[in-house]
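Protein chains: 2
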Amino acid sequence: MNSLEDILVYVKKIFEDQNFDKQPLTLYEPFRYTLALGGKRLRPLLVMLAADMFSADLKKAENAAVAVELAHNFTLLHDDIMDASPLRRGKPTVYQKFGTDKAILSGDVMYAKAYEYLLKCDTDKVPALVKTLTTVLIQVCEGQAYDMDFETRSDVTKREYITMISLKTAVLLAASLKMGALIADADAESMNYLSEFGLYLGIAFQLQDDILDCWSDLNEFGKVIGSDIVDNKKTILFLTAVEKADDDDAKELISWYLEKTNDFQKKKQRVIELFEKYGVRDDVEQMIGQYTIKAIDALDKINVEESRKENLRTLAKQLTSRKK
Amino acid sequence: MNSLEDILVYVKKIFEDQNFDKQPLTLYEPFRYTLALGGKRLRPLLVMLAADMFSADLKKAENAAVAVELAHNFTLLHDDIMDASPLRRGKPTVYQKFGTDKAILSGDVMYAKAYEYLLKCDTDKVPALVKTLTTVLIQVCEGQAYDMDFETRSDVTKREYITMISLKTAVLLAASLKMGALIADADAESMNYLSEFGLYLGIAFQLQDDILDCWSDLNEFGKVIGSDIVDNKKTILFLTAVEKADDDDAKELISWYLEKTNDFQKKKQRVIELFEKYGVRDDVEQMIGQYTIKAIDALDKINVEESRKENLRTLAKQLTSRKK
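Residue numbers (the numbering used here), protein chains in the order written: chain A, 478 to 801; chain B, 478 to 801.
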């Protein structure tokens, strides 16, 4: 078994070794730009950690690790267009830097390349790996569609929100773990518990992201602070605040999310004030704690030695208390 | 062996039987709209014709037929955004009707669904089918990137143009045939000749499309006439005309493709006049004839009874003399 740090170093190295220096430049320059931005490499890390937990040769999991990162970046390239996000990992987003057309097309080829990498895995594993990636990408698209719908809906519930972030974010974390387990020939039951772990961890991860959108340091976070508020994203913070607020404050909050103001600073400031007045950060941190417990419960049930679960346990702690 | 007409009826029926009536609507409404527009269903037809030529049970090829049509429509949804095309099959394009964001996202899910359909094929065929689709979609993205590049380049050669349309259009026709042959367990040599047939036929098909862009009836063609000219697409007509024209006319042609005019009617009229002055339509029809001969040569070499090639022979004739 390898240490968490060693595996992360290994994962980062894999990406340095890939060569996407291809023609036409129009297509592969935004592609390389995206991958060079780095990021946490969380999804490939999960592939590797799962493979390692079930004692697989890490080399065998490398291509699947690249595949999930490409698939993830494909969704980011397109989401950033739809959300009009100016920054990603502290740098201009692809659509901002290269234009919408190139961001669409580079995203498309990135998605195809994800399958190309999966096809390099052992042939007998290919159908199950392709199925896992395909199912999850359909879910991610559905999640993104709900996310866009929610921006204009006024009756979004917390339950709907959790479903949306499960689809948009958590299922890909679960699928990354599942792919690692598939490559390691894990038993079906363990694979299911591992997916469950990934799903709950993914929900906790996204709720933490919602908190970071309001309370974090731009230099660490790499995205514009309060952009969820500007985009009228009805995150868990908003939904909890509306639930807890008195009538006047609830009305004010809702009106900020309806209004077409251009004074974004004032909007962000006032909304965060209201979030703080009702202590919603504590509520959401409590939720994160609950989902983390559910994740750990699932991890506990997996049929491998306790010591082999240590890396995922540590990662779960790191992710749900992260600052970026 | 089935008749060409019967197989086309069969193909159209497959699409009527698919149910994409799913949630969220944001995602699946543009999806259904696209498929309901119909179109020639050429790519699924090619899957079926290839399977039929090698005596496969057509039922076994149905899912691959749906997959290639979904993959093709995915590329159309995104290309129409990049090319700002208002019409497709005589109706508003998805991005025009539903907006860019929904066109991006519906295209994405359509691509994922293509793999979902491939996964329904016999498991032992899945790796080869996924590989065929993946390779071709990377090529299609590369072709689309070259196509966009060519709009602003002034030194595009005919050879580069043929490479671009091979990538953007012809390889998907070749891949559709190959998938049908894969499902029918055709021998490798025949499969290669069949792909070659598809490639040359695809080039001829696209050259015919270039002609139809200038000389056809909107009601039959379903796209805006002269849109290649408006978009400064350096089609084979333009490249041939510049080659044949005297200095003054060549300069005029080139300047029309550089100028940012808003008088599109005048631009189209004058460019087509120059195309006609130099008889480029005849040249291109000759090229179409040559590529069709190459296609038929490849078909001749395929290792099945002559009579089983009849449908593809007929289709090749129909496609390269079509009016829409």
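Note that the Cβ used here is the ideal one computed from N, Cα and C, for glycine as well.
Buried or exposed (CB count within 10 angstroms, at least 16 for buried), residue i
i	result
Leu-751 of chain B	buried
Asn-739 of chain B	exposed
Asn-806 of chain A	Residue 806 of chain A lies beyond the residue range present for chain A, which begins at 478 and ends at 801; the question has no answer from this structure.
Leu-735 of chain A	exposed
Gln-683 of chain A	buried
Arg-630 of chain A	exposed
Thr-503 of chain A	buried
Val-488 of chain A	buried
Gly-657 of chain A	buried
Gly-819 of chain A	Since the first and last residues shown for chain A are 478 and 801, residue 819 of chain A lies out of range.
Gly-584 of chain B	buried
Val-486 of chain A	exposed
Gln-763 of chain B	exposed
Phe-551 of chain B	buried
Ser-784 of chain B	exposed
Ala-665 of chain A	exposed
Ser-653 of chain A	buried
Gln-746 of chain B	exposed
Thr-600 of chain A	exposed
Ile-770 of chain A	exposed
Lys-655 of chain A	buried
Asp-556 of chain B	buried
Lys-710 of chain A	buried
Asp-690 of chain A	buried
Val-685 of chain B	The sequence given here places Gln at residue 685 of chain B; Val does not occur at that position. By the 10 Å Cβ count, Gln-685 of chain B comes out buried.
Lys-700 of chain B	buried
Lys-490 of chain A	exposed
Lys-794 of chain B	exposed
Lys-754 of chain B	exposed
Lys-645 of chain B	buried
Residue i Cβ short of 7 Å to the ligand GDP heavy atom set
i	result
Val-748 of chain A	As for the ligand GDP, it is missing from this structure, which has no ligand bound.
Per DSSP, cross-strand counterpart(s) of residue i
i	result
Leu-606 of chain B	For Leu-606 of chain B, which the question treats as bridged, DSSP gives no partner whatsoever.
Pro-569 of chain B	B:Leu-564
Cβ distance (whole Å) where residue i is taken to contact residue j below 8 Å
i	j	result
Ala-561 of chain B	Pro-507 of chain B	Ala-561 of chain B to Pro-507 of chain B, Cβ: 17 Å. No contact.
Ile-706 of chain A	Asp-687 of chain A	The Cβ separation is near 11 Å, so there is no contact.
Leu-716 of chain B	Lys-635 of chain B	5 Å
Phe-492 of chain A	Leu-512 of chain A	6 Å
Ile-615 of chain A	Val-586 of chain B	6 Å
Tyr-588 of chain B	Ala-548 of chain B	6 Å
Val-603 of chain A	Val-603 of chain B	7 Å
Val-545 of chain B	Val-524 of chain B	6 Å
Asp-632 of chain A	Pro-501 of chain B	Contact doesn't hold; Cβ gap of about 15 Å is too wide.
Thr-797 of chain A	Ile-765 of chain A	5 Å
Met-641 of chain B	Leu-582 of chain A	That pair is no contact at about 14 Å.
Cys-598 of chain A	Ile-660 of chain A	7 Å
Neighbour list for residue i in chain E, Cβ cutoff strictly below 8 Å
i	result
His-555 of chain B	Given the protein chain composition of this structure (A and B), no chain E is represented.
Exercise. With a cut-off of 8 Å, do at least 3 Cβ pairs link the stretch 611 to 628 of chain B to the stretch 614 to 624 of chain A?
Worked result: Because the criterion of three Cβ pairs below 8 Å is not met, the stretch 611 to 628 of chain B and the stretch 614 to 624 of chain A do not touch.
Exercise. For the stretch 646 to 659 of chain B against the stretch 675 to 684 of chain B, are there 3 or more C-beta pairs whose distance is under 8 Å?
Worked result: Three or more Cβ pairs drawn from the stretch 646 to 659 of chain B and the stretch 675 to 684 of chain B lie within less than 8 Å of each other, which places the two stretches in contact.
Exercise. Touch check for the stretch 561 to 580 of chain B and the stretch 528 to 543 of chain B: three-plus C-beta pairs under 8 Å?
Worked result: No contact exists between the stretch 561 to 580 of chain B and the stretch 528 to 543 of chain B.
Exercise. Is the stretch 601 to 611 of chain A in contact with the stretch 591 to 599 of chain B, if contact means three or more CB pairs nearer than 8 Å?
Worked result: Of all C-beta pairs linking the stretch 601 to 611 of chain A to the stretch 591 to 599 of chain B, three or more are shorter than 8 Å, placing the two stretches in contact.
For this session: Determine contact between the stretch 521 to 533 of chain B and the stretch 479 to 499 of chain B, defined as no fewer than three beta-carbon pairs at a distance below 8 Å.
Result: With the cut-off at 8 Å, the stretch 521 to 533 of chain B and the stretch 479 to 499 of chain B touch.
Exercise. Quick one: complete alpha helix (DSSP H) runs, 4+ long, within the stretch 596 to 657 of chain A?
Worked result: Under the rule that a run must span 4 or more residues, the alpha helix (DSSP H) segments found entirely inside the stretch 596 to 657 of chain A read 603 to 629 and 635 to 642.
For this session: Any chance you could list the alpha helix (DSSP H) runs of at least 4 consecutive residues sitting entirely within the stretch 504 to 535 of chain A, in chain order?
Result: Counting only runs of at least 4 residues, the stretch 504 to 535 of chain A fully encloses the following alpha helix (DSSP H) elements, listed from N- to C-terminal order: 519 to 530.
Exercise. Counting Cβ pairs, one atom from each stretch, are 3 or more of them under 8 Å apart for the stretch 662 to 677 of chain B and the stretch 763 to 783 of chain B?
Worked result: With the cut-off at 8 Å, the stretch 662 to 677 of chain B and the stretch 763 to 783 of chain B touch.
Exercise. Of all the alpha helix (DSSP H) runs that stay within the bounds of the stretch 712 to 767 of chain B, which reach a length of 4 or more residues?
Worked result: Taking only runs of at least 4 residues, the alpha helix (DSSP H) segments lying wholly in the stretch 712 to 767 of chain B are 713 to 721, 724 to 735 and 741 to 754.
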